[in-house]
Amino acid sequence: MPHEGSLLQTAVIFLLAAVLAVPLAKRLQLGAVLGYLLAGVAIGPQALGLIRDTESVAHISELGVVLLLFIIGLELSPKRLWLMRKSVFGVGTAQVLLTGALIGAIALFGFNQTLPAAIVLGLGLALSSTALGLQSLAESKQLNAPHGRLAFAILLFQDIAAIPLIALVPLLAASGPDTSHGDSLEHGLKVFASIAVVIVGGRYLLRPVFRTVARTGLPEVSTATALLVVIGTAWLMEEAGISMALGAFLAGLLLADSEYRHELESQIEPFKGLLLGLFFISVGMGANLRLLLEMPLVVLGLTLLLVAVKLVLLIGVGRLAGGLNSASALRLGMVLAAGGEFAFVVFKLGKDQGLFDTQTYDLLLMTITLSMAITPLLMIGCARALKRPQPAREVPEQYKQIHTDAPRVVIVGMGRMGQIVARILRAQKIPFIALETSVDAIEMTRMFEQVPVFYGDPLRPEVLHAAKVGEAEYFIITIDDPEAAIHTAARVKRLYPHLKVLARARNRQHVHKLVDVGAEPIRETFYSSLEMTRRALVGLGLSDEQAADRIKRFTQHDEEVLVAQGQVRDDRAKVMQTAKEARVELERLFDSDAD
């Protein structure tokens with residue numbers, strides 16, 4: 008690290024690089040990760056040379072990955088791990104073994120590596136970047152998508168698998184001329200002893216420690232204790248020759264069922280984001296640009312080979328073992344196709360143990376760094392390709408042929424709201440018909456609900472005529488598109504003035520517009536909110552009758568306010584004044600109950 012006098016200058020350089028590069032990358036839709044990597048390249052010793060001691064910076068930046076793995080461990084209780092066992096241990100095992108075997112075979116037969124080196128190469132490159140994958144999924148809001156959940160499970164298994172892999176490297180190198188069997192055995196025993204210390208200490212010591220700290224009532228002491236546990240465990244693992252991040256993951260896993268889990272997570276989260284950014288900057292700083300200039304075809308070829316092999320295998324594993332469709336499997340492959348941060352640890356250990364020469368090690372590091380840099384670009388390209396307009400599904404003829412007797416109710420839209428309306432009407436044996444413009448929704452509804460739903464645009468008069476809307480008593484609009492709901496209500500009221508139209512309303516402005524066209528609006532979240540409030544009031548000590556009375560009076564008051572706001576809705580100042588007066592009136596109304 009720079010001497011003490013330049014420490015502040017170093018911090019300024021890091022922050023300035025991040026502040027300039029990351030917003031620019033985001034503006035170009037390249038993602039924050041690529042911005043951090045580019046910032047690192049720019050300030051590194053082979054570009055502007057603003058920071059030269061890359062090894063010390065990289066060591067500190069590993070704390071970002073350490074904190075990330077600790078939080079992952081915290082979020083993963085044994086119960087949740089058991090529920091995810093198929094994805095984690097089934098799909099994860101398949102991905103690591105298949106990828107490791109294929110890459111290892113390529114290294115053995117294609118690049119003339121020794122068998123121990125090929126095994127380490129294959130398994131090391133099979134690992135993907137947890138930091139990059141989760142950051143990219145979080146940025147694109149895909150963590151809860153099917154491919155996001157499976158990616159999390161695979162990354163989790165890879166993090167677990169890295170422990171035995173790191174322990175395996177010295178054993179594989181034992182056949183080398185410079186490594187004794189005793190040294191390898193001693194290292195292995197050291198690894199397992201350290202893991203045992205973390206497990207036993209985490210199970211029996213950490214909870215009493217946090218309980219004692221909590222009694223002090225000082226948040227800063229709790230934060231310091233949390234950081235001490237994470238960094239202390241990481242240091243212990245590093246002393247044993249294991250990745251710091253894996254030790255932090257174990258510590259988090261042991262505290263996952265603790266009553267202090269949420270507090271720990273909130274205390275660590277701010278440090279994690281900042282240090283993760285520093286980690287990606289340090290990866291960019293460590294990029295060997297000289298190697299890229301001297302051997303561009305070799306470096307680019309190896310990078311493309313790595314990404315292509317992992318991408319193909321991940322798509323296959325996602326489809327066959329993970330049950331994903333083609334699009335989700337492709338997204339999974341894009342997220343996990345790059346090399347990972349644990350590969351840096353594995354290959355550094357392999358070089359120290361004599362498995363790789365310096366040039367091979369540098370090539371591996373440059374390949375992993377480049378693969379991490381192109382992953383955000385691959386994800387962007389994939390997203391754009393999958394967003395291209397898909398050819399509309401052909402509507403089966405039987406869906407278009409509307410057959411119905413005289414319905415008393417016509418429902419437009421077979422989403423969640425429409426299905427509930429249909430189920431109740433069917434249970435009451437009230438004749439109705441439903442119109443929908445999604446072939447998928449029609450198929451699902453006919454399969455599971457068995458209701459008379461047909462394909463038809465309610466804005467077309469011939470469709471309304473075929474559905475015998477003129478003979479119905481109610482026309483219920485449940486679609487979630489506000490503009491489409493307004494146009495549909497207006498068309499129906501113009502063609503069938505006698506018909507009562509009930510329409511789903513998204514918000515207060517939507518209510519006013521529906522009223523203007525003659526529909527009766529039903530606010531989609533209003534009544535569920537009232538019921539939640541009623542239950543909370545009862546739980547807080549009110550009787551059922553008192554709570555129901557409060558809700559009834561609030562409902563009446565809010566309806567009156569809604570009507571008043573509708574009369575002045577084009578004047579923003581008057582709308583705000585009405586809302587302010589309504590709050591005062593509501594408080595006065597409820598204060599009278601206390602008197």
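Each number in the working numbering corresponds to the 1-based position in the sequence shown with 7 added.
Glycine included, each C-beta is placed from N, C-alpha and C at the ideal position.
- As computed with DSSP, K507 is found in a beta bridge with Y481.
- The C-alpha of I440 is placed about 34 Å away from the C-alpha of R541.
- Between the alpha carbons of V476 and T495 lies a distance of about 13 Å.
- By the neighbour-count definition (other C-beta atoms within 10 Å, threshold 16), T562 is an exposed residue.
- Under DSSP, E527 forms a beta bridge with L509.
- Inclusion of T232 and V220 in the CB contact set at 7 Å is warranted, their separation being smaller than that value.
- Pairing I58 with E348, the inter-Cα distance amounts to about 21 Å.
- In the DSSP assignment, V319 falls within the alpha helix (DSSP H) that extends over P303 to L327.
- The beta carbon of G420 sits closer than 6 Å to those of T485 and I486, all from its chain and outside the five residues before and after it, given in chain order.
- The three-state reading of DSSP puts A345 in coil, since its state is none of H, G, I, E or B.
- Burial state of I437 is exposed, judged by a 10 Å Cβ sphere holding fewer than 16 other Cβ atoms.
- Straight through space, the alpha carbons of L339 and S333 are spaced by roughly 10 Å.
- Around L55, the same chain offers A49 as residues with beta carbons nearer than 7 Å, after the five sequence neighbours per side are excluded.
- K500 and Q274 have their alpha carbons spaced roughly 57 Å apart.
- G111 is positioned such that its CB atom lies closer than 7 Å to that of G129.
- In the structure shown, A413 adopts coil according to DSSP, grouped into three states.
- Straight across, the Cα-Cα distance linking L471 with L327 is about 45 Å.
- Under DSSP, Y368 forms no beta bridge with any residue.
- For L213, no beta strand (DSSP E) run applies; the uninterrupted alpha helix (DSSP H) run containing it begins and ends at L213 to T223, by DSSP.
- Of all alpha-carbon atoms in I202, R222, V428 and S94, the one lying nearest the alpha-carbon of A174 is that of I202.
- Nearest in C-alpha terms to V207, of all of G224, F159, M251 and L262, is L262.
- With the rule of 3 Cβ pairs closer than 8 Å, the region 112-125 does not count as touching the region 155-173.
- Beyond the five residues adjoining it in sequence on each side, I381 comes within less than 8 Å, by CB distance, of T310, V314 and A345 in the same chain, given in chain order.
- With a cutoff of 7 Å on beta-carbon distance, V103 and A160 are scored as not near each other.
- For A492 against I409, the beta-carbon gap comes to about 21 Å, at or over 8 Å, which does not count as contact.
- Where I440 is concerned, the enclosing beta strand (DSSP E) starts and stops at F439 to E443.
- Segment contact: the region 72-79 against the region 128-148, three or more CB-CB distances shorter than 8 Å; contact assigned.
- In the structure shown, I558 falls within a helical segment according to DSSP collapsed to helix, strand and coil.
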